[in-house]
Structure formats: structure tokens, C-alpha cells
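Enquirer: Before we start, here is the structure in question, set down as C-alpha cells.
Protein chains: 6
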Amino acid sequence: MQFVTFGEIMMRLSAPDRLRFSQARSLDVTYGGAEATVAISLANFGLPSRYVTKLPNNPFGDGAVCQLREHGVDTTCVLRGGDRIGVYFVEPGASQRPPMVVYDRANSAISQLQPGELDWGQVFSGASWFHVSGITPALGPILAAETREACRAAKAAGMTVSCDVNFRKKLWTYEQARETLTDIMPMVDVAINPESVRIFGCTNEPNATAQSSRAYEREARAFSTRFGAKTVAITIRDAHSADNHSLSAMLLHEDEVYRAQTYDMHIVDRVGGGDAFTGGLIYSLATGKPPQESIEFAVAAGVLKHSVHGDASLFSVAEVEALAKGGGSAKIQR
Amino acid sequence: MQFVTFGEIMMRLSAPDRLRFSQARSLDVTYGGAEATVAISLANFGLPSRYVTKLPNNPFGDGAVCQLREHGVDTTCVLRGGDRIGVYFVEPGASQRPPMVVYDRANSAISQLQPGELDWGQVFSGASWFHVSGITPALGPILAAETREACRAAKAAGMTVSCDVNFRKKLWTYEQARETLTDIMPMVDVAINPESVRIFGCTNEPNATAQSSRAYEREARAFSTRFGAKTVAITIRDAHSADNHSLSAMLLHEDEVYRAQTYDMHIVDRVGGGDAFTGGLIYSLATGKPPQESIEFAVAAGVLKHSVHGDASLFSVAEVEALAKGGGSAKIQR
Amino acid sequence: MQFVTFGEIMMRLSAPDRLRFSQARSLDVTYGGAEATVAISLANFGLPSRYVTKLPNNPFGDGAVCQLREHGVDTTCVLRGGDRIGVYFVEPGASQRPPMVVYDRANSAISQLQPGELDWGQVFSGASWFHVSGITPALGPILAAETREACRAAKAAGMTVSCDVNFRKKLWTYEQARETLTDIMPMVDVAINPESVRIFGCTNEPNATAQSSRAYEREARAFSTRFGAKTVAITIRDAHSADNHSLSAMLLHEDEVYRAQTYDMHIVDRVGGGDAFTGGLIYSLATGKPPQESIEFAVAAGVLKHSVHGDASLFSVAEVEALAKGGGSAKIQR
Amino acid sequence: MQFVTFGEIMMRLSAPDRLRFSQARSLDVTYGGAEATVAISLANFGLPSRYVTKLPNNPFGDGAVCQLREHGVDTTCVLRGGDRIGVYFVEPGASQRPPMVVYDRANSAISQLQPGELDWGQVFSGASWFHVSGITPALGPILAAETREACRAAKAAGMTVSCDVNFRKKLWTYEQARETLTDIMPMVDVAINPESVRIFGCTNEPNATAQSSRAYEREARAFSTRFGAKTVAITIRDAHSADNHSLSAMLLHEDEVYRAQTYDMHIVDRVGGGDAFTGGLIYSLATGKPPQESIEFAVAAGVLKHSVHGDASLFSVAEVEALAKGGGSAKIQR
Amino acid sequence: MQFVTFGEIMMRLSAPDRLRFSQARSLDVTYGGAEATVAISLANFGLPSRYVTKLPNNPFGDGAVCQLREHGVDTTCVLRGGDRIGVYFVEPGASQRPPMVVYDRANSAISQLQPGELDWGQVFSGASWFHVSGITPALGPILAAETREACRAAKAAGMTVSCDVNFRKKLWTYEQARETLTDIMPMVDVAINPESVRIFGCTNEPNATAQSSRAYEREARAFSTRFGAKTVAITIRDAHSADNHSLSAMLLHEDEVYRAQTYDMHIVDRVGGGDAFTGGLIYSLATGKPPQESIEFAVAAGVLKHSVHGDASLFSVAEVEALAKGGGSAKIQR
Amino acid sequence: MQFVTFGEIMMRLSAPDRLRFSQARSLDVTYGGAEATVAISLANFGLPSRYVTKLPNNPFGDGAVCQLREHGVDTTCVLRGGDRIGVYFVEPGASQRPPMVVYDRANSAISQLQPGELDWGQVFSGASWFHVSGITPALGPILAAETREACRAAKAAGMTVSCDVNFRKKLWTYEQARETLTDIMPMVDVAINPESVRIFGCTNEPNATAQSSRAYEREARAFSTRFGAKTVAITIRDAHSADNHSLSAMLLHEDEVYRAQTYDMHIVDRVGGGDAFTGGLIYSLATGKPPQESIEFAVAAGVLKHSVHGDASLFSVAEVEALAKGGGSAKIQR
């Protein structure tokens, strides 16, 4: 049982200690990105996790590989070549100052992937689950085609396919997303935040804009009906300030709706919270947790991620379960 | 249109990372002070901002000039000479531990300014606005006289004069303040936090001590009536703990009272919040914003400053307006 | 009047800046432990404070001595020798992530103390108060015997004896604690958090588990009745998250119960909060404050400790009183 | 008298504290590049220095402008727009480990400069000197044309033109350099390190490869004869290890050769040393120092730069002269 | 072809920035130790490298595993369990102040290894080389027996066995070393620094103490004669000060002696230099380099390690060869 | 046997990591000054050391006291009061860039000492040695008188008096020094660097300026003859660059001259080197080492100080002796 994730991994440069970019005399460096964060989550939960990407032959390509390996992710299918690693800069916000992310990812090695460079048969050997996000196909027509090809190969191999749609307005428009994703969605078994109304125009009557639980449910059902996904999950986040959010989620699974508890969080680092949720959800479903436990585990995984710096979720199954099951006390663990 | 500010600029040495002075093995160094912070705010808002002060001929005088220049402040009227730069030490508080500021500003270069060293005619060439604070005249009789002289020259040149009274009990008593400021106040068009009751003994009946909105309004009206200021602004701050304050303000403008919304803030650095408010108010009034928008912009500028380290307010007009107009979401800006 | 405290002092290695151990590339180093923190508190309050322990002849033994001396603690009765200093690692938590402490204290110098190495007559020369915690006898039979011996010597010398029971489940079981402490408790005049129900099986009818004020009072009275302690104090803490706790306490003194106000705290460092409370209580009682003032002072001391990094409480009597008496404003102290 | 420099300014990200990239968890951030370093040198020497470049409208474009302003460089001719700022990564070496620079400058804002965006007439208003490097025309045909155009405009305005040829083999080949630079060199009055043998194939008989003083002299004379430059300077560096270099230079000025003293340096940061030399040379020549003094000043400026972190040379004329004239003692300056 | 290394891996806590332990307020944390450093070297050279050890089930055991994985070392044979990880503290010296290492490794997990916990047949599956150091058997009788057992299994499997004798006087005496190692040495094919005179009393006539090349040769030959090793290497180090060492080595291979060039190094971190040499030697011999190239590669690997912080040698084969073959210039690599 | 030292102790703010003041965003903070450094040296050598000074009642006065206590210096004679602590800023140099010290010590608490505040009888209770430097009397007429008074009291009590003349040209001229010190010198038993030629005009024929050993000897003899000092020591320093100095010294003791070996040092921090020498000399003489050993010990103490950051010499007697006696190897101490 191998879990395969496909996407970019970038250098993340963050202003430390709540400084603005203009104040920072150093930037903290790690490697991250939505899909890599999911792969790392799965490895930290003890699942065999393989990451597929392309990275340049320079010290920063090496750095990204080393970070994946450090967490136990299998990097044997990482291609090397191309001109540069994508970079994103994070200025964490504070109080009324919103966090800011500046992307510098154009012309990254993976965006220059050549058709045929990846042999999906080999990549999927021994694999049972394939995860991809909506960011990868947004990186250009080649990656859109590659994503489609990968999903086809995964389905042909009898694997489960999950997709976090993760719409990013700096990469494409809703129309472009619809055009590209309409072919892919029917192959997706587990969809996360599919934005079915805004991207796919799924009807969400009678009261489509209200972000009530009912609206989320209608959105999930509309997506499932349209594309046939067995499982749809939507995260429910409320950002009171840059420091304080609440997080919950709902799950539509085989036509039943499950709602997780809501957590009030004090944010250490907001980036990667959704990916940690996705990692938690894949783990839960793949290991056969019942739906209510699954969505609780996923939300708890997402919540814990907000308490650590960096994109990656650095928690064991036991730590997530301790929170999800209510034994997660804030008492000091001596 | 040039905006001229006059006052001290000091070396600020802060204990990092919520440490007490006794724990800190290094101190963060920037340059600041109430008036310089206003000048930097104006420059960051894109206004031509000129700072007038005196600094020693040593690396720390150079450092203060460099910091002003970095933000685009015109330093061509900065005198060089004298023995030392004033210093202040900041220990930011936390929770129930209050922040502490230790001043070591005696005998600083500007406090040794010689009469006639500054040629206000030249300083004010092309200028339309003069800002000063009540701290500058508190630094001794020479600076009190210089401040008076500067206000006279500004009024003679048809400029607008603003003053943040900024009473500091470590520098002088209410009586000393009254003696010195009584001559200056009639030249002030825009007064910020004039403390008219405590300094000038303006009657504030029937219920003078209550810090209700009505009391603030009465205080502003009494000041305006006594000294003829067209505009009076008072900030309304509530310190729940060292980490959590609320901030609002009221504005009396041409006899009408305007009240801004109230923000609950999580404090990164409390020093300079009032000066950021003042910078926002000057910008708003000088660029012709209506009074309600002006006071909202000023409070939003003050609020955002609390989310960054250092005295200086590091925000563009667009960022302040995003918060003031309610579009300022705490959502991540990707 | 000398205050003598006996126990271990360890090297504390903490992950900085809210990092997990797995992320930290450096660890902050100080020296601490429950008893040493009490000794430092007393010295910071201006009392003559002597610490009794054993430390290895290496740079870390030197480091612990230097830190005690820095705070003015008398180290003339510190023995040197043995193999190693005890170490504990602290990972401060955040939000829903609980703080974690990993101890590596086996075979530390003090745990290898030889009978007779300490001459209690000499240690107690000029002393009026002896403080010990329940951690020290938990370190093994030799230290249990030494603690008993020390208490006997202290009582024989007419000194007051205080003990913070401080039960640590990684060191021993409730049964082992009962066996060892039953002899010691009758010599204790001032008991802090004696856990009389769980350790000593004192009846706490009718509603023993509820942590209501009444339950705490019953627990304190049961302990006092059983062992004859004149004074019993119990801290009342509620951990909402790793970042936010509330703290209060109750005092049973000569059969009267006193309850302190409750503070809502934003936590900088949770370790040492109880010891700062104990230091505050000893100071209050020893200097003759009335009971209600004593418990208010002790809680305020405990609260302030949570606002600083490290185990040690770095506050003067004036600072604690400013908070306890309500004059402790969160306003900036310029 | 205005000194105008044209070129790129990039974000520099350096591994701190002699770490390899793979070890660094943060990177120090400044802004630099060969031409900007010259402009900053001139401003630090008190000359009016104007920098011409194009930078994106994002926080890093702002950061580069702020850094130029901090040093007093006039940024009124900096264009804003384009997609990204160029980035270079520096891993300083140590002992036998050579320093490494990784460039990520493709598609930077200035490389996308549009013909006509810069109005050289306006840029050169009030200017007497124009400096450019061979790196700028290497950034693509548009910048090659723009450099040629700028030199023509400068000559037409009677300005002195200087050029540091600064051949970079990662940007182009010797052949490409020859093709582009052959037109530009005849307009250059002051040439630094023109590499006349390797780029322009100037004969350097009888013993062309030996880096003896005589070979340098022949190379300089060959260049001067071929292109008519009045002044040619060549730096002479010997790298014993990453930590220890020696530095000297020779100057050919109006057919006379001058040789500077040689310094043995302990390297703090090697990047920018040549640019500091160039800044020193321009200052010397422009202020009319005699040739021997000029080359001594230039070498001393270059030497001092190696003693500070970052590209920029942070020295006053007095500091450089103190070293050049031998009064530069290593004794502590109390 | 798998390279297997067996030994401890400890937490290394180093005083940063040339501070003494008494000054450091933080300690840099990595994981290291002689054998683990060899395993990491081999992985960085691209060989399949497997590490065998035992680590506790706590965050520091996890940390050591993560660091091995980061460098690509196979950790599938790492046992988990036991009480604690061994710790060593490093105070790097400077100038006349010697570096200091304080070990706190007693009772570490691996020293508590139980006979039979390791199944050498499984560990050696697919392996061709086994490396061990003389430190491992010095950790106690169980580890001495385990080392002997491992060597026997390796020989039985036809593997090459290498051993860096690495005598540590804080762990045992020469006599104890002789007693334990005499059985093991006959199984060693490649011996590094065998200290044959001091441990095994091999005659080294006529002039045994002189550290001349001849004496080293005689020592190597005596060892080879006595125990039958095909290859013996001895490093030759001269410590002029804590900052400056020279390093060379000699190799006895099939009765021929080869001597490497000598490097003068400026030291960044001295710990791990010998292990990097050993890694380089194993790589060279295993990949069939001729003896002279092998010893040059090994010394160059050792030299480069001294230019980086931490125990681990972070260099590729290409980087080591660039130095060894003289193409390793100290010029900046742009 | 108590050793008493009298003088100022200041806050030292140093630019970290070889940065210039203009680059530093934080300054390292310790407390130091020539006399305090001597007192700390003596305490680290195990002698009872008492420091006499005056410090303000603020956190920085507390900080200076804590640092003295940390090293075991007796602070019971430290007066508290006055306006401010003196401050000095250190920019360590590098290579050809000289170190720079900026003093901001005017109006410090001790410079405002009132006659009679210090009771020398009480200060000297149990004391056998009094040390003072020439800096203290340079701080103004009151301190000059106090120094004279202290020396008289010390001589009256039969104590040994030592003085490091430590001429500082920013504090006074040679003429002013002569005027003040001429009365004091006859009371000095042990003089360090008395500058007898430049201050006191002692003839140093035939070749007074040459810094040959003979010139030093003549200078020492001239001083001894003029003022009757039994012991005169002169340090001999050669500053090759900011990074590399050599250090030696000569001692005139009871008319015999002793010369110490010369060390080539790589400098970590140059400030305090002379004071460490003085501490070593006082220790040697007071504990009865023979003259040659004394001067060797003093130079070794001075040399080691240059290998650590901060003014203070952090070495034990054993460490200094290891270097002085040649057993001080640069080999790693495992």
C-alpha cells in the first residue's frame, strides 16, 4: 500500500518573528507547497508516502529532497532537471494585519516538465491511493494534461483518487479552472473543497451565497451528484483576526452528512492548515475509520498544524487522536 | 506641499522576544520617538515629509539619518553636532506584566540646540503643514522657545499647525506644561490628545472624570473653545492586558463630533501607536478626506501599527484604507 | 534570618520560538527545577536565600551555581561532585498543542548524594525557614531519608518547614508517595498542593472529585486535620489552551479559608508558575502579611511568572504588590 | 555634479554563519549587485549618486528602493513594474571550501525593460559621470541596446563614462561578450578589468598567460590602444583560501603605469570587493586625486569592503584614506 | 551493494558563535557521533548506506532518525527502545583556547542493547561492507560482544570489514582496549588509526615516539603484520592553534606506502574530521580508486569537513575530487 | 584576605557577528569596564573579590550587579543611586578595519559620587589588596579625590596597592593625567603600563621612542625610581590586523627584569585583554608565584581573554596555567 502525491514543492521564505518583509534582515527557509504538505502528513502518520515532482539540480533542489526524506517520504520518483525551484515568500500577519504570500513560481522545474518524462506505470507500482490538488493543473497546459493522465492511470490501476481543488485566483480564473477540471473531476473519489458553485456553477438553491451548514451541504451534494464523487469534504473556517481563527468541517460520505466539532485556535502559522486537514482525511478514510471519526480526525489534524511554524504538519496519529477524542488536554505533558 | 515635523529622534533599544531586561543578552536597535514616527508615517503615505532635528556626529547620529532616509523622509534640515543621541530602552510587557520604558535622553544633541541654529524660513520653504508634539518643548527652555518660534513662523507662512500634546510625566509636571504650552496652543489648528482638563484646567462638567464618550467630547469642546483649534482628536484606548487593547477615537471638527469604530487588538508592539494615529489624521485632513473618513483612517492607521515591531508605522494608504473601509479581512493574501 | 531550600537544580533546554523539538536547531539553556525556582523567588524578594544541592564538577555544574549567584542566592552549601547534572527538555505548546517536558534526570549528582555528605547543623546555621518539595524524596531512598533528616533537624532548630508536594507521576506512584511522605508530612507547617485525597486517601465527602471551591476546602481541611499543618494552600488552575490559563488559589490558615482573585493569563512560559506561587506564599507568611493579603500576593507572583521565559520568577516585591493590590495596570510604564 | 549608475539590483540571500545552504534554516537578506554597489559606494563617499533600474511593484522592489535610499542614493529614476526581482543566493566558503553563488535572475523586471521606458535625457540632467558594467548588456539584447544608447547619450552630454567589464561566464561566452561590447568600449573613458585578451583577443606577447605585473600592464596598454580609453585599471587578487586573499591593483593613466600596495586580507564577505574598488576609483578620479593616490584609494576601498558582510562598502572617505595613507592602524579606536 | 555501519548516534549540543559554555544562552543541536558521521559521508557520496543503532522512543530518538534519513541513510535497521539518547556537549575553542567536549553518554539506549535484539543476518542482507569503530566496543561488555559477533557475521558473509580504532581515553584504558580489541582486529581488512604501539604494544623501533612519516609507516606495518590487515591508514594532524591545523595522511596498502599532500586549514568545526576521512577512504577503496588517489580523496574529504559546522561531512564526490585533484580553487563559484 | 577594586562598571553594547554599527539590528549587551574586569578575573581565579562602585536604581544598575554576582564578586559595597549607567558601544573590527569604541559615560552614577558616600574603613574591612585604574580619577575631580583618599586608606591599613594607569586620551590630556596622578603614584606598589615617559616625562635615554625591550625596561626603571614602586609591568602588543595580534609583557620586580614568551593570537574580542593581564598579575603576585612565573601567568591570562567574547576573562587558574606552562595544547579536550 503506497500513497502517491503529485505536485510542486517550492522554497518557502518567511519573515520571522512577526516582522514585515520590509523589516526582516533574514528569512526563514523551508520547503513546502500544498501537495508536498499532504505527502509529509501521510508519512508522519506512518503511511508509505511517495512524492512525485521535478526539481532543479542545484542546492535548493537537493534541499527540497532532503526535507521530504527527513520526514520519511519516498523520493525515488523525484525527477531532477530544469532551471529553478519555485519560491514563495510568506509574511505572517498579526492582529488586524493580514498574512501575505508573494509567489515567484513561474518557470519552475516542474512547470517545465516534458510529456513522457514521468512513467506513471512505474510511479504507481504497489500504490493504492493517488492524491493531487487543483494547483498542479493550474501551472500550465502540460501539467493539466499530466494530471489528467495520472488520474487515468490511477483509476485504471484500481486506485482511489483524491483531489483538493484549492482554487488559487493568482494562477487562473474560475472559467479556466472549469475548462481544465471538468475532465478530471469524474475520476475523483474524494474531493476536498471543490468549490462546485463558483467553479462548476452547480446550483445551490435556494440561498446559494450563505455560508451556513446547509449551504455547504447543498454544495457538497451538488458536486457529488454532478461528478459522482463518493466523498466530499468542505472545511469551515472563520478568521476573526490574523491571530484567531475557528476551524471545523463537514463531510458528505455515501450521501450522509457528518459535521465535526469547531475549534477556536490561536494561530502560530496559518499556511498548510488545509493540507493538514486533507492529510488527516486521507489517513482516516484509507485506514477505515468511520465517517464521523474521519472528519473529526481530519479537523484535529488541521487544527494542530496551526500551532506549528512551517507548512508541514508534524504530528503523530496518537497526538491527533488525543485532540480529536477530547483527551487532548492543554495540560503540560511531564 | 511639504510636511515638516520637528522633534527628537532617539536610539531605541528593546528587549527581544518578550524577555525582561534582566534576561536579554541582546537588545534590538532602531531609531524612533514620537515626532519622527509621525514624519515616517507621512512619508509611507506618500507625502513629502521633512524632519528637523539635531543629531551627533557619530555612528548613531548617522544611523538615525539612514533610518529616516530609508523611509523616504527628507533629512536635508537635520543639524549635526552635540554630544550624544538620546536613548530609550523598551521592555515590552506580556499578560499582566506591563511594558516598561526607561529613558536616557538628558543632554542629547537636540536638547543642546543653540538659538539661531535653525533657520525656520529655510526649513519651511515650500511647506504647508507643521507638526510638533508636546514632548519637544518639555525638553527644556531652549526647545520650548524654539517650538514657539517655529509655530509663529509656520503661522506667518500660512501653514497648518498640528500638535500632539503627548504629556509625559517623567519630563515635566502639569503646571510646567501649562506654563509652557499656554502660549503655543493658540497657534495650533489641529490638536491631538490635548489633555485640556489636566493641563489647562478646562472645566469638564458635570462628570469630569468619567471617561465616557461624552466626557471626551466635553474635553475636546472645552479645548477648542479656549484656544480656538478647528480640529481636536482624542484617542480612546482600553488596556485589558499588555497583550490586548481596544482602540478608538473621537474627532471634533468645526464643532461637529465624529466617532470611529472600536478595534480589539492583539499587541505586537505598543510603542508608536498614538503617533501612527496622528500620522493618519494629518494625512486624512491634508488630503481632504471628510471628517468621518478621516477619523476612521486615523484609527485604522493606529491599529495597524500595533501589529508591527518598532515605533514606525509601515503601512501604505491602501493597506490602511482596506482596514478602515471594512475590506480589511484577516484572510491570507495569496 | 536565612531561608534554606533543598533539592535538585537541572539544566533546562527549551525549544525556542514555539518550535517543536523536531524543528529546533538550537535549544535555549537555563538552569531550573521546582526548589531552585523557589529559592530564586525568595532572593528576588530580598530575603536571604540559601540553596542546598549537589552538582557535578563540570561547566554545567558551574553554570547552575552561577545562575543561582546571579540572583543573589547563597551557594556556599552547594556540594560538588558526582557524574552529571540532571537535564530536562521543554517544548512549550501553543493553542491546542500541549506543552511537553522530557526529563533526563536519572543518575544526576544529587541523586547520588551520600548519607552524611550534608551537615544539616551547619546548613541551618542562622536559618529560620526550611523549604522542600515532594520531588526531592521521589528521587530515591537516599534522598527520601535525607529529606526526612533535614525536616527533623529543621524542626529541632525551631524553624518553620514548608513543603510543596508537587506530585510527579513519572517519578513515583501515589502509593510510593504515601509510603515515603507519611513520615514527613507531620513535620510540615505550610503545605502547598498536598493532594491529600489522591496520595493520602483523606476523605473528601460528599462529592470528592468535583474541583469546586468547596472540594478544595475539604481537601485542605482533611490534610490539616490528618497531619496538623497550620497552613495549607491549593492553587486553582484552568487550562483553556496552551496559551490561555486562569489562575487562582485558596488558603486554609488557622482553620479559616481565604480565596484569592482569579486572573486570566496569556502564557509566555508555563513552567515554574507553581513555584513562583510558593515563593510568594513563603515571602508573605514569613514577613507577616495577613492571610488574605498573603494568598493574593502568592497568586499575583504566580501569575507574573507566566509572563516571562524560563522557570525563574523575576519580580520584585513592588511589582507583585502592584498587581495584587490592583494598581497593576497594563498601561505602559514610561 | 551627479553620478549616474545603470544596472540591476537583486535580492541577495546569504547563508549565515559559514553554513552551507543545506544547513541554513534562515538566509540573510539584503539587496545588491555589481552596479548598485558602485552607486552606494559613491553615495557613502558623499557624492550625489543616482541609480537607474527597474523593479517590480512588490515588497521586494520596495525593499531594494529603501536600501538604496538608506545609503542616500537618489532613486527618482527607478522604474517600477515587471514580474519579479532577480535573486542571487550566496554560500560564503571557508578554508578550502570555495564560496558559491547561485543566480536566479532570469525574467527579472529590468531584463524586461521596454525600449523607450527610460528617457536618458532626463536621467542625465545635471549629471557628469555615467557608470555601467558589462553585466547589464549581458542580460539580453534589449539591455545591450539600452546600454549602448545610454553611453551614446552620456558622451553626447560630455559626461565621463566608466565601465567595469565584469565578465560572467554564466551569462554569456567570450564571443558573445566581444560581439556586444565592441561597439560600447570606444565610448568608455575609464575601463576596469577589461579582460582585453580573453574577450577582445588583444595580443599580450610574449607571455600572455602569466599574471605578472608586466602581463597586466601589457593587457591594459593593448586595451587602451585598441579602444582609446584614457584610464584602465586592473585588480590583482590572489585567493590563498576562502578566508585569505591578497589584493592589489594597477592603473594605466595617460600612458603611465601606477601600482598600488598589496594587502593580505582576512575575508568576512568576498562579494562586492571589486565594486568597492570601482567606487573608490571613480571617486578618486572624479575628485582629482593624482593617479598614484587614486589607485591606492581604490585598492584600500576594495580591501575594506572585504571586512564587512553584504555587497555594500560602508566606509567614509576618511576611513579609506586612513588605510590608504598608512595611518590605518588596526589599533582599537577608543 | 549496501554499506552497513554500527554504533551510537548522540545528541550534540554546541555552544554557538565561539562562546564558552558559561556564556551560551542557547546550544545548537544536531545528532552525531563517529560512526553515524561515516554512514552520512557514504550516503552523501551516493553509496547505499545503512545505519544500525538503538534509540529511545522519544522526540530525540526521532530527531536522530530524521537526521539520518535527511541525508539518505537507510534507517530500517534502527532499533527503538531504552531510556535515553547519549548526549555530548561541544565548546569549540579559539586561538589558544582548546576545544572541549563533555560527554553524557552513560546509560544510553544502545549501551543497553540486549543480546539477540539485532539479527545480523537480516542487517547484512545485500551488504558488502561493514564499518565499525573502536568506540562501540568501548561502551561495555555487551557492545564489545555484539561488535565481535557483527564482525564474524560480516566475514562469514564475505564482506569487507573496516574499523577506525578511535581510542577514547575517557571510555577505557589502553589495557582494556587491548583486551577487547585483540579478538576483533584479525577480522579487520581496513584499519584506520589503529594505535598499534600504544594499544597493542607493537614494536616501533628504533625511534618509536617520533611522529615522523617513518614512524607512522613502521606503526602501520607492525599492525598489518600482527593482525593481517590488507589496508592501514593513519591521519597526520598538526594543531597549531584551535583555529589552524594541518592535515595529511599515509596509507599502507598491500605493503606499499602512499602519502597524501598536506593542507593548512582554517577550522570552522573540528569534530568529525577524522570520520569524514574514514568515509572518504571507504568510498575510494570500495569504488576501486587506486591507492594514491584513495588517500588523496580521503584527506580532501577530511579537510573539507573542517570547513562546515556539525559532525557531518556535507560534500559530494565532485566537490571532494575538485579539491583532491587540485582543481579546487578558492575562487568564488558564480 | 579580600581583594578590593574600585571603579565604574558600564553597559557594553556590541555589534554582533562582525557587523558595523550601521548594519546591526541588535546589539549584544553585557556589563564591563576596566576595573570590573579585573575584579571578575580575580573571582574566577578563586580569590575573594569585592567591587566598589555606584549604580543607578534601574534595571541596568541591577543588571551590572547581577553580572558581578554571577561571577562570584562581592557586591555588598556597591552604592545605588544617581541618574544613569555609563554606556559604551563596541564595533569589533575585522582585517584592515579597526575596532571602534564609542563612549557615552558622561553623568553616570559613579561620576556623580558624593564625597563621604563611601566609607573606606568599612570597604576595606578584612582586605589586603586594593586595585584601581587611571581611568577612575580621569572621570572628574571628585573621583580623583576619592581615588587618592582610597589609596591613602589602603596604605594606612597596610594593604598592597596596584594601579593600571590605562591612559585614555578621550578622557584627559597627558598634562591633566600628570597633575592628578603625581600624588597617587607614590602610594602604588604595583604599577601596570604607567606610561612614565608620556605622562610623567621620565627620561628614557638614549632612544626613547623605540619600542624595543630595552626601551620598555628603561621606562619601567624610570617609573620605579621616580615613584618607588616595587613592581612595574608593561604589556607588549603588536597589532598586525584587527584579527591578529601578538602579546607579551615584561616585569620589573625588585630591580630585576623578567620577560614573558610572545603569543600570536587570533582575536575573538580584543576589549578587556589588558585587564585580564592585570588580573593574572595580581593573582600571581598575591599568591606568591616567583616573578618569571608571575609574568608568564599574567600574559597567558591576557592571551586567553582574547579568545572569548565580552570584556570578562572566563578562565580558571588551571586553564591559564595549562597555557603558561606549555601544557596548553590546542588539541580537542574530549
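Keeping their order, the protein sequence lines are chains A, B, C, D, E and F.
Heads up: take any position in the first sequence, counting from 1, add 983, and you land on our numbering.
Heads up: take any position in the second sequence, counting from 1, add 983, and you land on our numbering.
Heads up: take any position in the third sequence, counting from 1, add 983, and you land on our numbering.
Heads up: take any position in the fourth sequence, counting from 1, add 983, and you land on our numbering.
Heads up: take any position in the fifth sequence, counting from 1, add 983, and you land on our numbering.
Heads up: take any position in the sixth sequence, counting from 1, add 983, and you land on our numbering.
We put the CB at the ideal spot given by N, CA and C, even for glycine.
1) Using the three-state DSSP reduction, which class does Q1244 (chain D) fall into: helix, strand or coil?
2) Suppose only complete runs of 3+ residues qualify. What are the beta strand (DSSP E) ranges in the region 1028-1060 of chain F, listed by chain order?
3) Do the region 1143-1163 of chain A and the region 1036-1055 of chain A meet, that is, are 3 or more Cβ pairs less than 8 Å apart?
4) Under 8 Å Cβ-Cβ, which residues of chain G neighbour K1288 (chain C)?
5) Contact criterion: CB-CB distance below 8 Å. Does S1005 (chain E) meet it with respect to chain C?
6) If the cut is a Cβ gap below 7 Å, which residues of chain D does C1134 (chain A) touch?
7) How long is the line joining the alpha carbons of V1171 (chain E) and P1177 (chain E), rounded to whole angstroms?
8) Would you call the region 1276-1290 of chain F and the region 1237-1247 of chain F in contact, with 3 or more CB pairs under 8 Å?
9) Quick check on N1190 (chain C) - is its C-beta less than 8 Å from some C-beta in chain A?
10) Rounded to the nearest angstrom, how far is the Cβ of A1305 (chain D) from that of F1280 (chain D), given a contact under 8 Å?
11) Kindly provide the ranges of any alpha helix (DSSP H) runs that are 4 or more residues long and lie completely inside the region 1235-1283 of chain D, ordered along the chain.
12) Out of F:I992, F:M984, F:L1030 and F:Q1159, point me to the one whose CA is closest to R1088 (chain F)'s CA.
13) Tell me where the alpha helix (DSSP H) around T1218 (chain A) begins and ends.
14) Using the beta-carbon of each residue, which ones in chain B are nearer than 7 Å to K1012 (chain F)?
15) Between which two residues does the beta strand (DSSP E) harbouring R995 (chain C) extend?
16) Which residues in chain F have a C-beta closer than 8 Å to the C-beta of L1306 (chain D)? List them in chain order.
17) What residue does the beta strand (DSSP E) around V1171 (chain D) start on, and which one ends it?
18) If I'm right that S1224 (chain D) touches Q1079 (chain D) with Cβ under 8 Å, what's the distance once you round it to whole angstroms?
19) Take every Cβ of the region 1092-1108 of chain E, pair it with every Cβ of the region 1008-1021 of chain E, and state whether three or more of those distances are shorter than 8 Å.
20) Can you tell me where the alpha helix (DSSP H) with W1103 (chain A) in it begins and where it stops?
21) I want to see whether chain F comes within less than 8 Å of E1237 (chain C), judged by CB atoms only; does it?
22) According to DSSP, which residues form a beta bridge with V1303 (chain B)?
23) Check whether chain C comes within 8 Å of R1253 (chain B), counting only Cβ atoms and requiring the distance to be less than that.
24) Would you list the one or two residues that DSSP bridges to C1134 (chain E)?
25) What is the rounded straight-line gap between the Cα of Y1241 (chain D) and the Cα of Y1266 (chain D)?
26) Excluding the 5 residues flanking A1193 (chain B) on each side, which residues of the same chain have their C-beta closer than 8 Å to its C-beta?
27) Could you tell me whether the Cβ atoms of V1282 (chain D) and F1298 (chain D) are closer together than 8 Å?
Expert: Taking the coordinates as given:
1) coil
2) Counting only runs of 3 or more, we get 1032-1035.
3) no
4) The structure shown contains no chain G; its protein chains are A, B, C, D, E and F.
5) yes
6) Per Cβ cutoff of 7 Å: no residues; C1134 (chain A) is ~31 Å from chain D at best.
7) 11 Å
8) yes
9) In this prediction, N1190 (chain C) has a pLDDT of 48, which is less than 50 and means its spatial position is unreliable; what the coordinates show is noted afterwards. No, because no Cβ of chain A sits closer than 8 Å to the Cβ of N1190 (chain C).
10) Not confirmed; about 11 Å, so no contact.
11) Listed in chain order, the alpha helix (DSSP H) elements of length 4 or more contained wholly in the region 1235-1283 of chain D are 1256-1269.
12) The residue among F:I992, F:M984, F:L1030 and F:Q1159 with its C-alpha nearest the C-alpha of R1088 (chain F) is F:I992.
13) No alpha helix (DSSP H) contains T1218 (chain A), which is instead part of the beta strand (DSSP E) from T1214 to A1222.
14) Just to set this straight, residue 1012 (chain F) is Val in the shown sequence, not Lys. Within 7 Å Cβ-Cβ: A1007, R1008, S1009 and L1010.
15) M993 to S997
16) Q1079
17) That residue, V1171 (chain D), is in no beta strand (DSSP E); it is neither H nor E in DSSP.
18) 6 Å
19) no
20) W1103 to V1106
21) no
22) The partner list for V1303 (chain B) (beta bridge, DSSP) is empty, contrary to what the question assumes.
23) True, the Cβ-Cβ gap to chain C drops below 8 Å.
24) Beta-bridge annotation (DSSP): C1134 (chain E) is not paired with any residue.
25) 17 Å
26) For A1193 (chain B), the predicted model reports a pLDDT of 47, less than 50, meaning its position is unreliable; a value from the coordinates is still stated below. No residues qualify anywhere along the chain.
27) With respect to F1298 (chain D), V1282 (chain D) sits apart: the two C-beta atoms are not nearer than 8 Å.
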